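Engineer: Just so we're aligned: the sequence shown equals residues 1 to 349 in UniProt numbering. I have a structure I would like to understand better, so I am pasting it below and will then ask my questions one at a time.
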Amino acid sequence: MHLNTTSSFYQLGYLMGEFPLPSANSVLPEAENLSNSSGLGSRLHNEEDLDVNTDIYSKVMVTVIYLVLFLLGTVGNSITAYTLVRKKSLQNLQSTVHYHLASLAVSDLLIFLLCMPIELYNFIWVHHPWAFGNDVCKCYYFLRDACTYATALNIASLSIERYMAICHPFKAKSIMSRSRTKKFISCIWVASFLLAIPMVLIMGEIYRIPQNPNSLVCTQIVEDSTLKIAIQKERKKERKKERKKERKKERKREGGRERKGKEREGKGREKRKDGRKEGREGGREGERKKERKKERKKERKKERKKERGRGRDKGRKEEREGRREGGEEKKEGRKKRKKERKKAVNHKS
1 MHLNTTSSFY QLGYLMGEFP LPSANSVLPE AENLSNSSGL GSRLHNEEDL DVNTDIYSKV
61 MVTVIYLVLF LLGTVGNSIT AYTLVRKKSL QNLQSTVHYH LASLAVSDLL IFLLCMPIEL
121 YNFIWVHHPW AFGNDVCKCY YFLRDACTYA TALNIASLSI ERYMAICHPF KAKSIMSRSR
181 TKKFISCIWV ASFLLAIPMV LIMGEIYRIP QNPNSLVCTQ IVEDSTLKIA IQKERKKERK
241 KERKKERKKE RKREGGRERK GKEREGKGRE KRKDGRKEGR EGGREGERKK ERKKERKKER
301 KKERKKERGR GRDKGRKEER EGRREGGEEK KEGRKKRKKE RKKAVNHKS
């Protein structure tokens, strides 16, 4: 059983018995007639001046409702928390739902144990004076709001866990592990306590009627106008921060555009330089090709000259050899002729 805030129960008392909502800004009469009063008459007079309903029947009805809710809430949440903590079969489950249920039961149980007795005593039966001190007043509102926030956040986390377990069962096993669930629940409690910190600054003891100790109440000590001013200042700060962020984003965008433009210009310059280098290298390669062609032509001319020279040398050698052979043949012919002439002369003799 999970019952949330007790402020709704207190509002039920307002509807039945028209109990006043405590606030520091309500219009109060002056304390001229209260300074001389004493005893029961002064107490009744103070209650009338403080706009408090003294109808005993409404108080009894609200008290009975409070007691029933208190018993059901404390017993039910205590059994739930004890079962979830002590029963090992629930702890051995792969699901982490018992962690969320235990946290929810603890938050509801704290609301019933810490808030309902004070509300029943001070806000329903003994309206004033506040008898628990300024620290208890601040702690009461702080713990009440902290437990209320924790209950709401625990219900939300339980809904998320059930959604993941039903709709995405395979992802839930990896995402909603036990260690992560414990960390998540601890973050919920830390966030609820942080959200309840303003109540320590706003709530406190105050005399509803000046110079009257019986008019001491635990209520809001900061006026609504100051709260509105503080909220407006915070909103202005948030707007300034948002504007600064937007300006930074615009500057980053402009800087990115400028950088892109510069990068494009740099790339264009690099491309131009590369083109120039390529042109220069191409011109140099063209010149080198021309030089190579010239060298090849020169080599070819040299080879042709060498071939011509070799042909001439061969022709000359052949001519010389032919001449030598012709001279030898002529000499042999001459010798033969001489021999023939000698033979002819010898025959004649």
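For every residue, glycine included, the Cβ atom is placed at its ideal position computed from N, Cα and C. Small disclaimer: the values here were computed from a predicted structure and weren't measured.
(1) Once DSSP output is grouped into helix, strand and coil, what is the label at G204?
(2) Out of K173, A152, G326, K138, which has the shortest C-alpha to C-alpha gap to L114?
(3) Determine the extent of the alpha helix (DSSP H) in which C218 is found, giving its start and end residues.
(4) Which residue's Cα is closest to the Cα of N154: W125, E332, K277, I185?
(5) If I'm right that T148 touches I175 with Cβ under 8 Å, what's the distance once you round it to whole angstroms?
(6) Could you tell me whether the region 154-173 touches the region 231-247, where touching means 3 or more Cβ pairs closer than 8 Å?
(7) Counting along the chain, where does the alpha helix (DSSP H) carrying W125 start and finish?
(8) State the DSSP-derived secondary structure class of N33, mapped to helix, strand or coil.
(9) With distances taken Cα to Cα, identify the nearest neighbour of G133 among G204, K244, D145, R337.
(10) Between S78 and L109, which are expected to be in contact by the criterion C-beta below 8 Å, what is the C-beta distance as a whole number of angstroms?
(11) Given this structure, state the Cα-to-Cα distance separating V97 from R253, to the nearest angstrom.
(12) Just verifying my parser: in three-state terms, what is the DSSP assignment at M199?
(13) The alpha helix (DSSP H) with I65 in it runs from where to where?
(14) So which of G282, I202, Y99, L120 has the shortest CA-CA distance to V68?
Structural biologist: A quick look at the data gives this:
(1) Stepping through the sequence shown from its first residue, residue 204 is reached at position 204. DSSP places G204 in strand when its eight states are reduced to three.
(2) Taking the first residue of the sequence shown as 1, we reach residue 114 at position 114. The shortest C-alpha separation from L114 is found at K138.
(3) Stepping through the sequence shown from its first residue, residue 218 is reached at position 218. No alpha helix (DSSP H) contains C218, which is instead part of the beta strand (DSSP E) from 216-220.
(4) Here residue 154 refers to the residue found at position 154 when the sequence shown is read from its first residue. That would be I185, whose Cα lies nearest to the Cα of N154.
(5) As a first step, residue 148 must be located in the sequence shown, where it is residue number 148. As a first step, residue 175 must be located in the sequence shown, where it is residue number 175. Separation of the CB atoms of T148 and I175 is rounded to 28 Å, and the pair is thereby denied contact status at 8 Å.
(6) The region 154-173, when compared against the region 231-247, does not touch it at the 8 Å Cβ threshold.
(7) The residue given as residue 125 occupies position 125 in the sequence shown. Per DSSP, W125 belongs to no alpha helix (DSSP H) and is neither H nor E.
(8) The residue labelled residue 33 in the question sits at position 33 within the sequence shown. For N33, the predicted model reports a pLDDT of 37, less than 50, meaning its position is unreliable and no value from the coordinates is stated.
(9) In the sequence shown, counting from the first residue as 1, residue 133 sits at position 133. Of the candidates G204, K244, D145, R337, the one whose C-alpha sits nearest the C-alpha of G133 is G204.
(10) Taking the sequence shown and counting its residues from 1, one reaches residue 78 at position 78. Taking the sequence shown and counting its residues from 1, one reaches residue 109 at position 109. By a beta-carbon distance limit of 8 Å, S78 contacts L109. Their separation comes to about 6 Å.
(11) The residue given as residue 97 occupies position 97 in the sequence shown. The residue given as residue 253 occupies position 253 in the sequence shown. Roughly 46 Å separates the two Cα atoms.
(12) Numbered from 1 along the sequence shown, position 199 holds the residue referred to as residue 199. DSSP places M199 within a helical segment (H, G or I) once states are collapsed to three.
(13) As a first step, residue 65 must be located in the sequence shown, where it is residue number 65. In the DSSP assignment, I65 falls within the alpha helix (DSSP H) that extends over 56-86.
(14) In the sequence shown, counting from the first residue as 1, residue 68 sits at position 68. Of G282, I202, Y99, L120, the smallest CA-CA separation from V68 is found for L120.
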